[in-house]
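Letter by letter, the sequence shown follows residues 1093 to 1363 of the working numbering.
Even for Gly, the Cβ is constructed at its ideal location relative to N, Cα and C.
Below is one structure, written out as structure tokens; the observations come after it.
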Amino acid sequence: MPPNPAPEAGYVHGYAPAVRASHGRRTVANSAPHLLPHLAPGTTVLDLGCGVGSITADLAARVAPGRVVGVDVSAEVLATARAAADERGVAVELVVADALALPFADGEFDVVHAHQVLQHLPDPVGALREARRVTRPGGIVAVRDAVYASIHAWPDLPGLHAWREAYRRTARAAGGDPDAGARLTGWAREAGFGDVTASASVWSFGTPEDRAWWGGTWAERTGASGLTRRLLAAGAADEEGVRAMVRAWREWTAHPDGWMAITHGEVLCRA
């Protein structure tokens, strides 16, 4: 377990290898299904909070020769995004930028996309206003965020309940909302959108391969990453509590009947 439980600045998950590996499996199909009908060759897209860039590269492949720009606050993680784009052989622009002060002109993009971003921001409505500003009239702002309160697993392990509540407490202590997916419609309307279409989709993990990946990454992230330090610093768990959560993740991963699901809220907002 990392020593000195001081919280890291910025993103609550940090950028440990397990975090990057988890996020690197995201695609448009599995993480932005609500946006698929609005992507076509030539579309200009801004991927807000693009992280490791797997979705960004997939967007670029789908809308080529359209322009795709990925922005993130971390120059470090954008290096990973560059590698993802190069591996796919797609053209993307990558820019270090703040979601509340985007360095783009009014109406510059047909689509602005944000996946699992608003839950980490202290001012999600402000970020949506800025996304609206850089979207052309008639364009789309597409957002998807998790509802951590919705997570359910079998076996129904006390350690996983403890992990879920500790994570939610830690995310709130960092200034975010771990259940942001349930609030997207209200935030969008507050940001000035009049045409908002809400939907939901689910990630589920029930095969041995999915459990090994999902449970493995969360065991590592919980027990040996920047998130560990945040859990401790927020008072959401002590060191023994963290170890118990890691054991629960490993027990769930190994269980032959293991299953888990998490609901995501989605909105399509017409600028």
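- If you compare the alpha carbons of Val1209, Asp1237, Pro1250, Glu1282 with that of isoleucine 1354, the shortest gap goes to Asp1237.
- For the pair leucine 1194 and alanine 1223, the CB atoms are nearer than the 9 Å cut-off.
- Per DSSP, histidine 1253 lies in no beta strand (DSSP E) segment; the continuous alpha helix (DSSP H) that holds it begins and ends at 1250-1265.
- Aspartate 1178: member of the alpha helix (DSSP H) spanning 1167-1180, first to last residue.
- DSSP places histidine 1130 within a helical segment (H, G or I) once states are collapsed to three.
- In the displayed model, proline 1229 falls within a strand according to three-state DSSP.
- Close CB contacts of threonine 1135 within its chain, under the 7 Å cut and outside five residues either way in sequence, are with Val1155, Gly1158, Asp1202, Val1203 (chain order).
- By the neighbour-count criterion, in which a residue is buried when 16 or more other Cβ atoms sit within 10 angstroms of its Cβ, leucine 1128 is exposed.
- DSSP, read as helix, strand or coil, puts serine 1317 in coil.
- In this structure, the alpha-carbon of arginine 1221 lies about 13 Å from that of alanine 1234.
- Approximately 6 Å separates the beta-carbon atoms of glycine 1143 and valine 1169; this is inside 8 Å, confirming the contact.
- Segment contact: the segment 1336-1350 against the segment 1253-1266, three or more CB-CB distances shorter than 8 Å; contact assigned.
- Within the DSSP secondary-structure output, valine 1203 pairs in a beta bridge with Val1137, Ile1232.
- Separation of isoleucine 1147 and glutamate 1257 (C-alpha to C-alpha, rounded to the nearest whole angstrom) is 28 Å.
- About 6 Å separates the beta carbon of leucine 1140 from that of alanine 1191, a gap short enough to meet the 8 Å contact definition.
- For leucine 1186, the beta-bridge partners assigned by DSSP are Gly1162.
- In the three-state DSSP reduction, histidine 1347 falls in the coil class, being neither helix nor strand.
- Distance from the CA atom of glycine 1307 to the CA atom of tryptophan 1351, rounded to whole angstroms, is 10 Å.
- DSSP places threonine 1119 outside both helix and strand once states are collapsed to three, so it counts as coil.
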